[in-house]
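Quick note, the numbering used here runs 34 ahead of the 1-based positions in the sequence shown.
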Amino acid sequence: MRKNIVAGNWKMNNDLPQTEALISDLLKQEQTSNAEVMIAPTSVNLFQAFETTRLSNIEVIAQNMHFAENGAYTGEVSASMLKSVGVNTVILGHSERRAYFNETDEMLAKKVDTALANNMRVIFCFGEELEDRKSGNEEEIVENQIKKALFHLDASVFNSIVLAYEPVWAIGTGETASPEQAQDMHAFIRKTLESKYGNTVADAMTILYGGSVKPTNAKEIFSKPDVDGGLIGGASLKAEDFFAIVNAF
Ligand code: PEP
């Protein structure tokens with residue numbers, strides 16, 4: 035079922051005391067919307083974050099995981115490790131993972147498979163670069179990213195997938211896609227899903243927008259019919275700003 039979700043991607047920010055302080059601030063905020071709220075701290079702090087949010091509505095999620103179940107992958111984290119510390123949702127395919135850690139569509143397809151095999155929910159990120167948008171290729175790029183990582187899946191698993199459209203040119207740049215640009219792309223994404231899986235899957239898909247969402251622009255972006263929520267980077271690091279976005283629905 036389509037949901038409203040606001041997920042905070044903390045990236046490589048906040049050590050343990052800072053994680054505890056931010057969570058303590060988050061727990062003081064009042065939620066007036068019905069959005070699902072998620073935070074993605076760095077992996078070493080997931081357990082502490084899970085423990086301290088246990089009695090709240092905040093779900094702790096991971097920023098990444100490896101596709102292998104276990105083995106000789108120094109420095110990596112597996113699905114079962116995440117699950118063992120209370121994490122049941124993982125962000126996959128973030129543009130920073132693709133750009134700085136060479137994550138390919140093929141690798142991401144394997145990660146998606148592993149997450150689903152471990153009964154995890156996936157927030158799958160994709161989006162075009164500035165040059166793609168300038169040359170008018172944004173739809174082709176996005177369609178390919180979705181097809182390559184997800185179109186081998188059975189329709190029945192799509193209720194465990196959330197999509198996050200994140201134009202790379204809008205991430206951490208202060209530049210936001212206009213609400214119309216976000217809506218146009220989200221409608222295109224839904225159409226792409228419909229072409230393969232039919233209307234029921236496409237209509238039920240939760241599609242988040244990510245890219246410099248702030249308290250000042252969240253309401254307008256979330257008002258668009260095909261935008262179901264946001265993946266929030268910078269603005270998720272301040273409890274008041276994050277909850278202003280959560281409450282923008
Ligand atoms: C992100 O990293 O997913 C993101 C959207 O970052 P920001 O909100 O800072 O642009």
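The beta-carbon is built from N, C-alpha and C at its ideal position, and this holds for glycine as well.
Measuring CB to CB, does residue i end up less than 8 Å from residue j?
{"i": "GLY208", "j": "LEU242", "result": "no"}
{"i": "LEU80", "j": "VAL71", "result": "no"}
{"i": "ALA252", "j": "ALA211", "result": "no"}
{"i": "PRO201", "j": "GLU162", "result": "yes"}
{"i": "VAL146", "j": "ALA204", "result": "no"}
{"i": "ASP260", "j": "GLN217", "result": "yes"}
{"i": "TYR231", "j": "ALA189", "result": "yes"}
{"i": "GLU103", "j": "THR53", "result": "no"}
{"i": "TRP44", "j": "LEU271", "result": "yes"}
Just verifying my parser: in three-state terms, what is the DSSP assignment at residue i?
{"i": "GLU256", "result": "As written in the sequence, residue 256 is Phe, which differs from the Glu given in the question. PHE256: helix per DSSP, three-state reduction."}
{"i": "ARG224", "result": "helix"}
{"i": "PHE81", "result": "helix"}
{"i": "TYR134", "result": "helix"}
{"i": "ILE125", "result": "strand"}
{"i": "LEU265", "result": "strand"}
Give me the Cβ distance between residue i and residue j, rounded to the nearest whole Å; I'm assuming they're in contact under 8 Å.
{"i": "GLN65", "j": "PHE277", "result": "7 Å"}
{"i": "HIS97", "j": "ILE57", "result": "Here the sequence assigns Gln to residue 97, which means His is not the residue at that position. With 8 Å as the limit, GLN97 and ILE57 do not qualify as a contact, their Cβ atoms being about 16 Å apart."}
{"i": "SER67", "j": "ASN38", "result": "7 Å"}
{"i": "HIS100", "j": "SER112", "result": "6 Å"}
{"i": "ALA143", "j": "ASN193", "result": "Rounded, the Cβ-Cβ distance is 19 Å, inconsistent with contact."}
{"i": "ALA83", "j": "PRO75", "result": "5 Å"}
{"i": "PRO249", "j": "ALA269", "result": "7 Å"}
{"i": "VAL40", "j": "VAL280", "result": "5 Å"}
Alpha carbon to alpha carbon, what distance is there between residue j and residue i?
{"i": "THR87", "j": "LEU61", "result": "8 Å"}
{"i": "TYR107", "j": "PHE135", "result": "14 Å"}
{"i": "ASN153", "j": "GLY206", "result": "31 Å"}
{"i": "ASN122", "j": "GLU174", "result": "31 Å"}
{"i": "ARG167", "j": "MET141", "result": "24 Å"}
{"i": "MET46", "j": "ARG132", "result": "15 Å"}
{"i": "VAL156", "j": "VAL191", "result": "10 Å"}
Can you check the segment 157-245 for any alpha helix (DSSP H) of at least 4 residues that lies completely inside it and give the ranges in chain order? Listed in chain order, they are 164-168, 172-184, 213-231 and 233-238.
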